[in-house]
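Engineer: The structure follows.
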Amino acid sequence: MTGPAHEDALQALNADGPLRARIREIHWAVKSFLPFVERIAVAVYDPKTTLLKSYVHSSDGEDPLLHYQVPIDEVPSLKKLLDEGHPRVIQNMLTFEEARSDHARRLGRAGYAASYTMPVFSNGVFLGFVFFNSREPGVFTETALAQLDIFGHLVSLLVIQELTAVRTLSAALESARHMVNARDAETGSHLDRMSRYARLIARALADRHALDDERIERIQAYAPLHDIGKIGIPDAILLKPGGLTPDEMDVMRSHSNRGQAIIDDLLTNFGLETLSDTELVRSIALHHHERVDGTGYPHGLAGDAIPLEARIVATADVFDALTSKRPYKEAYGNDVAFVMLEQLSGTHLDAECVKALVDSRDEVERIQAQFHEDRIG
């Protein structure tokens, strides 16, 4: 005898979709047990820069920590959680206006009074934090925490799955570059810098273009893959010291289409077709040589017809090329490089993207200091 039909409260997690949509489904399930939980949020950690960055949240309205990042050492309470590997309960945050950390003051101003924070680890590697917030103080009882532990680990698994898929794709493409000995002077530090310039630009444009933190993180993750199609360009063309003939230039320009094809193959072969935002990496590979005046390739797109992520990556890549030493040139200083970017603004490069980078000089210099190298690249 069958019983009454049962509705799976988390059935929506089986469907494809962005991580935020799945976190919101979990939030709805949490609220059915613990209605005082009004926000679930995830921050991810970048070990190369020690930055803790807002990633995804379930809030209905504007999130108090949208597009937020901070070196973890500047948040001692969270740094302690990382070092100890244990969760933290705060039952009353109303006194946090006097706290040293900006993130605590922001949450307090938004009316959040209590929090439960869980560190996220994957095979012992720290990835970030899951936060549960309430506007009611004193609500995180032992009974409530026992339930939240289950949901917190479910959120952690979703985040781990998502980040692992992105990193698998990135690692596969980078391995492909190494296996065929990609020879175009793009060192690891170049890719570290330009991907972080891309994130810097994306954050500056986020409000105007409705970019959430998950999408910003994807742009940074996928930016280094822009020239993956060059692995199919013959040495005689890729390494030619002089100018290219028209036929050779056609072959070189084919790396954009080759790159998209390589990415499509890897998405299929690694079973990553359902990974959200894969259109970002495909359009970055295909369109990063388009020019806003329509004279670029492969499709001669102009202005806003060029995907925003491709315009962002093009600006980041050109700036790092200008400020890096190459076999055929010395590195330009930032002052000269910014002037050259502005000369390209509105013709080769997107004016918004150029302005975002030029206006962020302090952050640009921090990135350069963190990922400096003396040799070519």
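Residues in the sequence shown are numbered consecutively from 220, following our numbering. Cβ atoms here follow ideal geometry from the backbone N, Cα and C, with glycine treated the same way.
1) Distance, Cα to Cα, R427 vs Y441?
2) Rounded to a whole number of angstroms, what is the C-alpha to C-alpha distance between S277 and D292?
3) List the DSSP bridge partners of K272.
4) In terms of alpha-carbon separation, which member of I482, L458, H508 and E257 lies closest to D496?
5) Measure the alpha-carbon distance for V344 versus V532 and round it to whole angstroms.
6) Between which two residues does the alpha helix (DSSP H) holding A556 run?
7) Taking Q366 and F538 to be in contact with their CB atoms under 8 angstroms, please state how far apart those CB atoms are, rounded to whole angstroms.
8) Which ranges would you report for the alpha helix (DSSP H) in the stretch 411-443 if only whole runs of at least 4 residues count?
9) Looking at C-alpha atoms only, which residue of R386, H591 and E433 is the closest neighbour of A421?
10) Can you give the Cα-Cα distance for N570 and S543, rounded to whole angstroms?
11) Report all residues from its chain with a CB closer than 7 angstroms to the CB of Y335; omit the five preceding and five following residues, and keep chain order.
12) Please report how far the alpha carbon of C572 lies from the alpha carbon of L424, in whole angstroms.
13) To the nearest angstrom, how far is it from the Cα of V500 to the Cα of A575?
14) Under the rule that 16 or more other beta-carbon atoms within 10 Å means buried, what is V558, buried or exposed?
15) Compare the beta carbon distance of H508 and G515 with 8 angstroms and say whether it is the shorter of the two.
16) Could you tell me if R412 is buried or exposed, where buried requires 16 or more neighbouring beta carbons within 10 angstroms of its beta carbon?
17) Keeping to the same chain, check which residues put their C-beta closer than 6 angstroms to that of V275; ignore five residues upstream and five downstream.
18) Is it right to say R386 is buried, meaning 16 or more other beta carbons lie within 10 angstroms of its own, or is it exposed?
19) With which residues is V339 paired in a DSSP beta bridge?
Structural biologist: Reading from the atomic positions:
1) Taking the straight line joining both Cα atoms gives about 21 angstroms.
2) So the two alpha carbons sit approximately 26 angstroms from each other.
3) According to DSSP, K272 bridges with V263 and Q288.
4) The candidate whose alpha carbon is nearest that of D496 is I482.
5) When only Cα atoms are considered, V344 and V532 end up about 29 angstroms apart.
6) Bounds of the alpha helix (DSSP H) holding A556 are N553 to L563.
7) Incorrect: roughly 49 angstroms between the Cβ atoms, too far for contact.
8) Whole alpha helix (DSSP H) segments, 4+ residues: 432-441.
9) It is E433 whose Cα lies nearest to the Cα of A421.
10) Correcting the residue type first, residue 570 is Ala in the shown sequence and not Asn. In this model, A570 and S543 are separated by some 22 angstroms (Cα to Cα).
11) Cβ-Cβ distances below 7 angstroms link Y335 to P306, V308, F351, F359, L364 and L367 in the same chain, with the five nearest sequence neighbours on each side left out; the list follows chain order.
12) Roughly 8 angstroms separates the two Cα atoms.
13) Rounded to whole angstroms, V500 to A575 spans 21 angstroms at the Cα level.
14) Looking at its Cβ environment, which holds fewer than 16 other Cβ atoms inside 10 Å, V558 is exposed.
15) With respect to G515, H508 sits close: the two C-beta atoms are nearer than 8 angstroms.
16) With a 10 Å radius around the Cβ and a threshold of 16 neighbouring Cβ atoms, R412 comes out buried.
17) Closer than 6 angstroms at the Cβ level, and outside the excluded window around V275, lie L238, R239, I242, V261 and E433.
18) An exposed status is given to R386, since fewer than 16 other beta-carbon atoms sit within 10 Å of its beta-carbon.
19) G347.
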